Each structure stands twice: as structure tokens, then as C-alpha cells.
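*Asks:* Handing you this structure, nothing more for now.
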DNA sequence: CTCGGAAATGATATCGATACCATAGTTCGT
DNA sequence: ACGAACTATGGTATCGATATCATTTCCGAG
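Pasting the structure below:
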């Protein structure tokens with residue numbers, strides 16, 4: 005920066021101003037400085053800048069996983085929103101473990117991010133304390149927790165599970181099953197199941213028919229095997245709600261293998277509206293989640309808070325949408 | 005840090021040592037310092053640390069997109085490798101534009117990362133100059149470029165396209181088509197097509213039959229529509245190689261709609277081995293790419309170089325694998 | 001008991017920017 | 001023509017750690 009200043013015949017602070025608040029510098033001085041920046045190929049050091057200004061212009065995000073197309077679009081939406089507003093994304097993946105989430109939070113905080121985005125779920129007490137001590141905006145994305153830590157951007161898994169089950173009821177189905185299964189420590193499947201069970205009870209449709217075998221790692225395989233188990237146990241089942249589209253894919257394959265007609269004999273509903281679910285693919289009836297929008301909203305919440313926007317919203321419910329296709 | 009030092013009755017530099025090189029501090033002093041750290045909930049400031057030590061312990065990655073399950077696993081593999089070795093990941097998404105890649109490189113470099121991971125492809129001249137000036141390890145992932153900028157971890161799209169086409173030939177197919185289409189600025193589809201064309205020529209099978217309509221945004225829809233176009237134009241086609249599994253999914257759906265028996269009448273091969281391609285899903289014959297491994301390898305290349313490992317490998321070819329399933 | 005050398009610890013300068021306050025130059029109203 | 005109120009620019013301290021070199025402590029051989 006000194007080199008640039010010398011070449012432009014100004015002081016370092018003026019160079020800094022040209023880069024950060026150009027409108028405060030006289031146009032011709034500005035041009036001279038910018039020319040010097042170009043000529044020297046000067047790249048400012050944000051590490052030093054952050055230390056000095058006490059704002060890092062980075063936001064950390066900690067997600068369970070990027071694979072399986074679950075959080076990828078959320079992270080992408082977040083990254084883009086941040087970028088548009090001059091911020092950067094620091095990413096960590098916790099692999100569905102609350103312990104490693106705690107670890108990641110600690111290292112993320114040591115970068116002094118201006119905000120933190122977490123996938124909602126269990127956080128250890130220590131993690132919560134660290135977050136509180138850090139005093140930065142925190143957004144939980146995906147499921148909106150009953151008692152958010154700070155802010156939240158997402159939807160209600162319970163409501164979504166309830167809605168899709170109600171949809172199946174409305175289309176005339178009466179013996180509705182559920183297949184899914186949750187990762188340990190991941191309560192999403194559980195919440196969707198809860199919505200399903202509630203809807204059944206509300207419609208007076210008897211006991212839930214649920215299979216949630218978590219011994220199988222692949223979601224698709226789990227869908228296939230669990231459908232088999234479910235149909236063996238309750239052969240008259242006329243609809244199933246699958247905890248994710250991947251599970252639904254496995255179920256659809258198994259149904260075809262067994263010669264069960266979909267949707268005539270069995271309606272299949274998924275969750276997530278993954279790429280393969282569309283009309284030109286599986287034609288799967290499913291629940292569409294605003295993946296990208298949740299990330300973008302999280303970014304906005306953090307940046308608005310940072311700017312000190314008054315009377316701020318803390319919870320953004322982006323809802324969900326039932327997409328009817330051929331399978332139900 | 006001063007508070008911790010005072011509480012432990014040592015100087016700040018000793019606190020720093022306890023955190024960074026514990027073995028250089030006498031065990032009892034170390035315990036005292038660690039107790040103080042705990043008691044005060046002290047979280048070191050890596051921004052200051054980075055400025056002082058001139059190493060940031062972060063690695064930046066710039067990928068075109070996270071959606072579509074293409075790069076997500078690579079990023080995840082990278083994040084994990086870095087984490088295991090005490091480094092963090094700074095992520096940017098360029099949305100398939102070389103111009104915004106350039107922009108992202110500039111902002112990434114201003115964080116003074118210890119290394120940079122890029123998806124291979126076109127880089128602007130300015131981008132290349134910035135990278136050269138930065139003097140940090142750079143790894144290109146996915147396709148191994150003919151002239152890598154610095155290091156590379158990936159596989160050959162051309163070879164993979166050639167191999168899967170050869171596989172189709174070996175299984176008795178003679179009139180093999182290609183459907184795909186590339187994003188502008190993304191040469192992956194083009195390279196795969198090149199391998200396909202080479203294999204055809206080597207087998208003496210006449211001219212390529214390719215449809216690559218890029219007007220359609222969704223890959224799945226593109227697969228469906230392009231298969232339709234291809235079969236209309238060359239009705240006797242007995243196999244197709246799709247530039248990605250998503251395209252193959254669309255093609256499979258369209259084939260079913262038209263009553264074309266797969267694989268009897270038409271063999272379908274995809275690319276990528278996405279989640280839905282497996283035996284419990286589509287049962288798609290495809291090319292498996294070492295997504296996670298490429299990320300992990302990229303991380304290792306950077307960290308090894310940082311450690312100054314001598315006689316280093318610069319190119320890691322992780323190959324690919326043809327997975328035969330029911331569709332071909 | 002003494003001395004050499006290793007182990008443990010500390011004092012101070014420094015990394016590269018920005019905050020804060022001061023100063024010089026400019027505009028304009030009366 | 002003069003001072004008020006801006007605008008444009010600069011000097012210096014500072015952010016919170018670590019590098020470097022200096023100093024002290026400790027240990028065992030002779």
C-alpha cells in the first residue's frame with residue numbers, strides 16, 4: 005500500500021479511502037491512485053484491514069453435508085447474497101455430528117466472522133455459550149426451531165409433513181404409510197414423520213404405518229427395502245409419504261419391480277423436489293423447499309443486522325409448496 | 005490474550021506458545037495457561053495471528069456451482085482434508101462465468117489464502133496473472149488440463165468419454181449417439197464429446213450422431229427433448245451416451261414414453277454416477293468420477309507444498325470407473 | 001563446585017491496514 | 001473581505017497476535 009501511495013504521490017490513508025469510500029476522494033486524486041493500483045497489481049490485504057477495522061466482512065456457515073443435494077443450494081444462495089454485498093463465505097462441514105459442529109464453531113469464531121449460519125438442530129451447550137459470547141448475528145436455516153438461538157430462515161418440517169399427508173388424504177387415499185429414517189442427530193425425518201402422524205390422526209385414519217430402518221446407508225436403497233417391508237406388513241397400503249425424494253426413488257423402483265402400479269394402486273409422495281423428481285424425470289409428487297431462498301434470506305438477515313436495521317424481523321418463514329406430478 | 009497471560013501469571017508469548025506449539029512449554033505452565041483459557045472462554049484471534057505469522061491457514065476454493073451435485077462432494081472432500089490439518093475453507097461460486105471467476109479470485113487473494121483450488125476451465129489472462137503474482141499453490145480440479153497452471157487433481161474427460169463409448173461398442177452396439185450440450189464456458193461436455201467421437205472413429209463406426217441443444221436450461225428436460233430429436237433424425241440408433249446422468253434420466257423417461265425398450269433396443273449410458281443412478285434407483289450404466297477424492301487430493305497437494313515436501317507430484321490422475329448396470 | 005548447553009520464558013518490533021483527530025484548502029453568504 | 005462550514009488530505013496510534021533475539025533457569029559432566 006505504501007508503494008501505491010508513493011507512486012500516486014499521496015499518503016496511505018488516501019489509498020485506503022480510494023478503495024473503501026471512493027466518494028470521499030477528489031476524482032482526479034482517485035484516478036491517480038487507481039492507476040497506481042493497476043500499475044503495481046496491488047491486492048489489498050483484508051487480513052490487516054479486518055484487524056484494523058474490527059469487521060472481517062466474512063460470514064461463516066456450518067452445514068452437516070453438501071452431498072445429497074440437500075444444503076448445496078442453500079449454501080449457494082448464501083454465497084451469492086454475501087458476494088453481492090462484499091462479503092465472503094467461510095464454510096465448514098460437520099458430517100452430522102454435534103461434537104464436530106462445536107469444534108467448527110470454535111475455529112470459525114476465531115476468524116471473527118461478522119455472522120454465522122448454522123443448520124438448525126442440536127447444538128451442544130458449549131456451542132451455545134460460545135455463540136452467545138461471540139455476540140454476532142446467528143441464523144439457523146432449514147427447520148425453524150421452536151426457540152431459535154437468534155434468527156432463523158426456513159420452514160416447518162412438521163407442517164410440510166402434515167400438508168403432504170393431507171394432500172394424499174384429499175386425493176382419496178386412506179391407508180397411508182411413511183418410510184424414511186433419520187440420521188442419528190438429524191431430526192428432520194422425525195419432524196416430517198410427526199407431521200404425517202398428526203395429519204393421520206386429524207383425518208381419523210388410524211395408526212401410523214411407518215418403517216424407518218436406519219441400518220442402510222444409501223437413501224435410495226433404504227427407500228426400496230423399506231417399501232418392501234412396509235408392503236409385506238401392510239399389503240393394503242394405498243399411499244406412502246417418503247421422507248425424501250431419494251427415498252421415494254428407491255420406493256418407486258421397488259414398486260415397479262413388484263408390479264405395483266403407481267399411482268393407481270399406490271400413490272408415492274416425496275420430499276425436497278430434487279432435480280430428478282421433475283416432469284421430465286420421475287414425475288414425482290413432492291414438497292418443494294426453498295433451498296436457495298433460505299440461504300439468501302440468511303445472508304440478508306445477517307447483513308441487515310450488521311447495518312443496524314431497526315425493528316428487524318428475526319424469523320423468516322419461507323414456507324414450502326406441494327408439487328403435484330404423476331406419482332400421486 | 006493479555007487477560008489469559010495475566011491470569012496464568014505468564015507473558016502473552018507463552019500463551020501463544022501453549023496454543024501453537026504446546027511441546028515447547030513446561031507441562032505445568034501449560035496446564036496453568038490452559039486453565040486460564042478455559043476460565044475466560046478465550047478464543048484466539050486468527051486474523052491477528054495470520055497478520056503476524058504471514059500464514060492464514062485458509063484455502064480458497066472457487067467452483068462454478070454447488071447445485072446439481074457436481075462439485076458438492078469435491079468441496080466436501082476438500083473441506084474435510086483441510087479441517088483435519090487445521091485449515092479452513094473459503095468458498096466462492098462463479099456461476100459458470102470466467103469474468104466473475106476473475107472477480108472472485110481477486111477477493112479471495114485479498115484474504116491471503118495459503119492455497120487456491122479452482123475448477124479447471126477457462127481463466128482470464130488477468131486471473132492467470134494474479135495467480136502467478138500471488139505465488140501460492142494453485143490446484144485445478146476435475147478435468148486435468150493439458151497445460152495446468154500449477155497443480156491438478158482430476159481425471160480426463162476425453163478419456164472417460166472414449167472409454168464409455170468403447171464399452172458400448174464392446175457390448176455390440178454400432179449406431180451410437182451422443183446427447184448433452186454444454187454451458188457456455190464449460191468445456192466438460194465438449195471434452196466428453198471429443199472422446200466419444202474419437203472412439204467412434206477408432207471403431208470405424210461412421211459419423212457422430214450428436215444433439216447438443218443448449219437452449220434448454222434443465223438438464224433432465226434437455227435429455228428428454230434431445231433424445232426425441234436424435235431418434236427422429238436417426239431412428240436406427242441403438243445406444244446413446246449422455247453427457248451427464250441428469251441428461252440420461254431425461255432420456256430414459258423419454259424412451260419409456262416412446263416405448264423404446266432399454267437396454268434391448270437402446271442402450272443408455274450416463275456420466276457422473278449420481279445418487280439416483282444406482283441399482284436401487286435407475287440402474288444406469290455410467291462413468292463414476294472420484295468427486296470426494298479429487299477434493300481431498302487437492303487439499304493434500306496444497307498442504308504438502310506448503311510444508312515444502314520435496315520432489316512433489318504436481319498432477320494427480322484419479323481416473324474414473326465404468327459402472328455397468330441395467331441400462332446398457 | 002563450576003561451566004556448557006539445552007530448555008523455558010520474556011521484551012520488543014512488526015505484520016498491513018484503518019480509526020481518530022488534526023490541518024490545509026475551498027466555497028459561500030453577508 | 002472575513003469567518004463559518006465544508007471538503008480533501010495527512011500523521012500517528014492501534015488492532016491482537018507472532019518472529020526474533022535475549023535472558024534466565026535447569027541439568028549433568030568433569
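Residue numbers (the working numbering), protein chains in the order written: chain Y, 5 to 332; chain P, 5 to 332. Yeah, the Cβ is synthetic: ideal placement off N, Cα and C, and Gly gets one too. Every value quoted in this text rests on a predicted model; they were computed, and no experiment measured them.
Looking at the unbroken alpha helix (DSSP H) that takes in residue 54 of chain Y, where does it start and where does it end?
*Replies:* Your numbering for residue 54 of chain Y matches position 50 in the first chain. Run containing residue 54 of chain Y: 50–57, per the alpha helix (DSSP H) assignment.
*Asks:* Under 7 Å between C-beta atoms, does residue 171 of chain Y make it to chain P?
*Replies:* The residue you call residue 171 of chain Y lines up with position 167 of the first chain. No, its Cβ sits nowhere closer than 7 Å to a Cβ of chain P.
*Asks:* For the beta strand (DSSP E) that residue 92 of chain Y lies in, which residues bound it at each end?
*Replies:* Here the question's residue 92 of chain Y lines up with position 88 in the first chain. Taken as a continuous stretch (DSSP letters only), the beta strand (DSSP E) holding residue 92 of chain Y covers 92–97.
*Asks:* Do you know how far the Cα of residue 84 of chain P is from the Cα of residue 64 of chain P?
*Replies:* Taking the first residue of the second chain as 1, we reach residue 64 of chain P at position 60. Taking the first residue of the second chain as 1, we reach residue 84 of chain P at position 80. Their backbone Cα atoms lie some 14 Å apart in a straight line.
*Asks:* Is it true that the CB of residue 276 of chain P sits closer than 7 Å to the CB of residue 248 of chain P?
*Replies:* Working through the second chain from its first residue, we reach residue 248 of chain P at position 244. Working through the second chain from its first residue, we reach residue 276 of chain P at position 272. Yes. Within cutoff.
*Asks:* Just to confirm before moving on: does the CB-CB distance between residue 131 of chain P and residue 109 of chain P stay below 7 Å?
*Replies:* Translated into positions along the second chain, residue 131 of chain P becomes position 127. Translated into positions along the second chain, residue 109 of chain P becomes position 105. Contact flag set, yes.
*Asks:* Taking a cut of 8 Å between CB atoms, which residues from the segment 103–135 of chain P lie near chain Y?
*Replies:* Answer set for the segment 103–135 of chain P: 108, 110, 111, 112, 113, 114, 115, 116, 133, 134.
*Asks:* As an exercise, report each continuous beta strand (DSSP E) stretch of at least 3 residues that is fully enclosed by the segment 166–223 of chain P, in chain order.
*Replies:* Listed in chain order, they are 180–183, 213–215.
*Asks:* Who are the Cβ neighbours of residue 46 of chain P in its own chain at under 8 Å, not counting the five residues just before and after it?
*Replies:* By one-based count along the second chain, residue 46 of chain P stands at place 42. Cβ within range, chain order: 5, 7, 8, 40.
*Asks:* Pair every Cβ in the segment 151–168 of chain P with every Cβ in the segment 215–230 of chain P, then say whether three or more of these pairs are closer than 8 Å.
*Replies:* Short answer: they don't touch.
*Asks:* Counting only beta-carbon atoms, is residue 51 of chain Y nearer than 7 Å to chain P?
*Replies:* Reading the first chain from its first residue, position 47 is the one you call residue 51 of chain Y. With 7 Å as the cut-off, residue 51 of chain Y counts as an interface residue toward chain P.
*Asks:* Roughly how many whole angstroms lie between the Cα atoms of residue 325 of chain P and residue 295 of chain Y?
*Replies:* As a working mapping, residue 325 of chain P is identified with position 321 in the second chain. As a working mapping, residue 295 of chain Y is identified with position 291 in the first chain. When rounded, the distance between both Cα atoms is 32 Å.
*Asks:* Determine, using beta carbons only, whether residue 94 of chain P and residue 62 of chain P come nearer to each other than 7 Å.
*Replies:* Counting from one through the second chain, the residue named residue 94 of chain P turns up at place 90. Counting from one through the second chain, the residue named residue 62 of chain P turns up at place 58. The answer is yes: Cβ separation under 7 Å.
*Asks:* Taking C-beta pairs closer than 9 Å, name the residues in chain P that residue 267 of chain Y reaches, listed in chain order.
*Replies:* What you label residue 267 of chain Y is simply residue 263 of the first chain in a count that begins at 1. Going along chain P, no residue has its Cβ under 9 Å from residue 267 of chain Y, so there is no contact; the nearest lies around 16 Å.
*Asks:* Less than 7 Å between CB atoms is the rule here; does residue 280 of chain P satisfy it with respect to chain Y?
*Replies:* One-based indexing of the second chain puts residue 280 of chain P at position 276. So yes, residue 280 of chain P belongs to the interface.
*Asks:* Anyone know if the C-beta pair for residue 299 of chain Y and residue 11 of chain Y falls short of 7 Å?
*Replies:* One-based indexing of the first chain puts residue 299 of chain Y at position 295. One-based indexing of the first chain puts residue 11 of chain Y at position 7. No, Cβ-Cβ distance for residue 299 of chain Y and residue 11 of chain Y is not below 7 Å.
*Asks:* Got a sec, what are the start and stop residues for the beta strand (DSSP E) residue 244 of chain P sits in?
*Replies:* Counting from 1 along the second chain, the entry for residue 244 of chain P is found at position 240. Segment 243–246, the beta strand (DSSP E) holding residue 244 of chain P.
*Asks:* Quick one: using the 10 Å Cβ neighbour count with 16 as the cut-off for buried, is residue 236 of chain Y buried or exposed?
*Replies:* Taking the first residue of the first chain as position 1, residue 236 of chain Y is located at position 232. When all chains shown are included, residue 236 of chain Y counts as exposed.
*Asks:* In three-state DSSP terms, what is residue 321 of chain P?
*Replies:* Here residue 321 of chain P refers to the residue found at position 317 of the second chain. Residue 321 of chain P: strand per DSSP, three-state reduction.
*Asks:* Which partner residues does residue 120 of chain P have in the DSSP bridge list?
*Replies:* Within the second chain, numbered from 1, the residue matching residue 120 of chain P stands at position 116. Residue 120 of chain P pairs with P:64, P:142.
*Asks:* Would you report the Cα separation of residue 21 of chain P and residue 129 of chain Y, rounded to the nearest angstrom?
*Replies:* Stepping through the second chain from its first residue, residue 21 of chain P is reached at position 17. Stepping through the first chain from its first residue, residue 129 of chain Y is reached at position 125. C-alpha separation (whole angstroms): 28 Å.
*Asks:* Taking Cβ-Cβ distances below 8 Å as the criterion, which residues of the segment 72–86 of chain P are in contact with chain Y?
*Replies:* The residues in question are 72, 73, 76, 77, 79, 80, 83, 84.
*Asks:* Between residue 230 of chain Y and residue 240 of chain Y, which are expected to be in contact by the criterion C-beta below 8 Å, what is the C-beta distance as a whole number of angstroms?
*Replies:* Stepping through the first chain from its first residue, residue 230 of chain Y is reached at position 226. Stepping through the first chain from its first residue, residue 240 of chain Y is reached at position 236. Actually they do not touch by this definition, with Cβ atoms about 17 Å apart.
*Asks:* Please confirm if residue 20 of chain P has its CB atom under 7 Å from at least one CB of chain Y.
*Replies:* Along the second chain, one-based indexing puts residue 20 of chain P at 16. Cβ-Cβ to chain Y under 7 Å: no for residue 20 of chain P.
*Asks:* Could you check if residue 69 of chain Y is buried or exposed, using at least 16 other CB atoms within 10 Å of its CB as the buried criterion?
*Replies:* Here residue 69 of chain Y corresponds to residue number 65 of the first chain, with the count starting at 1. The residue is buried, with at least 16 neighbouring Cβ atoms inside 10 Å.
*Asks:* DSSP state of residue 128 of chain Y, grouped into three classes?
*Replies:* Taking the first residue of the first chain as position 1, residue 128 of chain Y is located at position 124. Residue 128 of chain Y falls in the coil class under three-state DSSP.
*Asks:* Count the other C-beta atoms from every protein chain shown that fall within 10 angstroms of the C-beta of residue 3 of chain Y, then say buried if there are 16 or more, exposed otherwise.
*Replies:* Not covered by the structure: residue 3 of chain Y. The range shown for chain Y is 5 to 332.
*Asks:* Is residue 26 of chain P close to chain Y, meaning its C-beta is less than 7 Å from at least one C-beta of that chain?
*Replies:* Locating residue 26 of chain P in the second chain gives position 22, counting from the first residue. Not closer than 7 Å to any Cβ of chain Y, the Cβ of residue 26 of chain P fails to qualify, so no.
*Asks:* Looking at C-alpha atoms only, which residue of Y:158, Y:90, Y:76 is the closest neighbour of residue 23 of chain Y?
*Replies:* Taking the first residue of the first chain as position 1, residue 23 of chain Y is located at position 19. Among Y:158, Y:90, Y:76, the Cα nearest to that of residue 23 of chain Y belongs to Y:90.
*Asks:* Can you give me the C-alpha to C-alpha distance between residue 271 of chain Y and residue 215 of chain P, rounded to a whole angstrom?
*Replies:* Along the first chain, read from residue 1 onward, the residue named residue 271 of chain Y stands at position 267. Along the second chain, read from residue 1 onward, the residue named residue 215 of chain P stands at position 211. Roughly 35 Å separates the two Cα atoms.
*Asks:* Pick out the complete alpha helix (DSSP H) segments inside the segment 231–313 of chain Y, 4 residues or longer, and give them in chain order.
*Replies:* Listed in chain order, they are 249–262, 295–310.
*Asks:* Could you give the DSSP three-state label for residue 154 of chain Y: helix, strand or coil?
*Replies:* Residue 154 of chain Y sits at position 150 when you count from the first residue of the first chain. DSSP places residue 154 of chain Y in coil when its eight states are reduced to three.
*Asks:* Going by DSSP, what residue range makes up the alpha helix (DSSP H) through residue 37 of chain Y?
*Replies:* Here residue 37 of chain Y refers to the residue found at position 33 of the first chain. Looking at the DSSP string, the run of the alpha helix (DSSP H) that includes residue 37 of chain Y is 31–44.
*Asks:* Write down the C-beta distance between residue 177 of chain P and residue 243 of chain P rounded to the nearest angstrom, noting that I regard them as a contact closer than 8 Å.
*Replies:* Walking along the second chain from the start, residue 177 of chain P turns up at place 173. Walking along the second chain from the start, residue 243 of chain P turns up at place 239. With 8 Å as the limit, residue 177 of chain P and residue 243 of chain P qualify as a contact, their Cβ atoms being about 4 Å apart.
*Asks:* The alpha helix (DSSP H) spanning residue 17 of chain P covers which residue range?
*Replies:* Looking up residue 17 of chain P in the second chain gives position 13. Segment 16–24, the alpha helix (DSSP H) holding residue 17 of chain P.
*Asks:* What's the gap between the Cα of residue 322 of chain Y and the Cα of residue 149 of chain Y?
*Replies:* Numbered from 1 along the first chain, position 318 holds the residue referred to as residue 322 of chain Y. Numbered from 1 along the first chain, position 145 holds the residue referred to as residue 149 of chain Y. Their backbone Cα atoms lie some 14 Å apart in a straight line.
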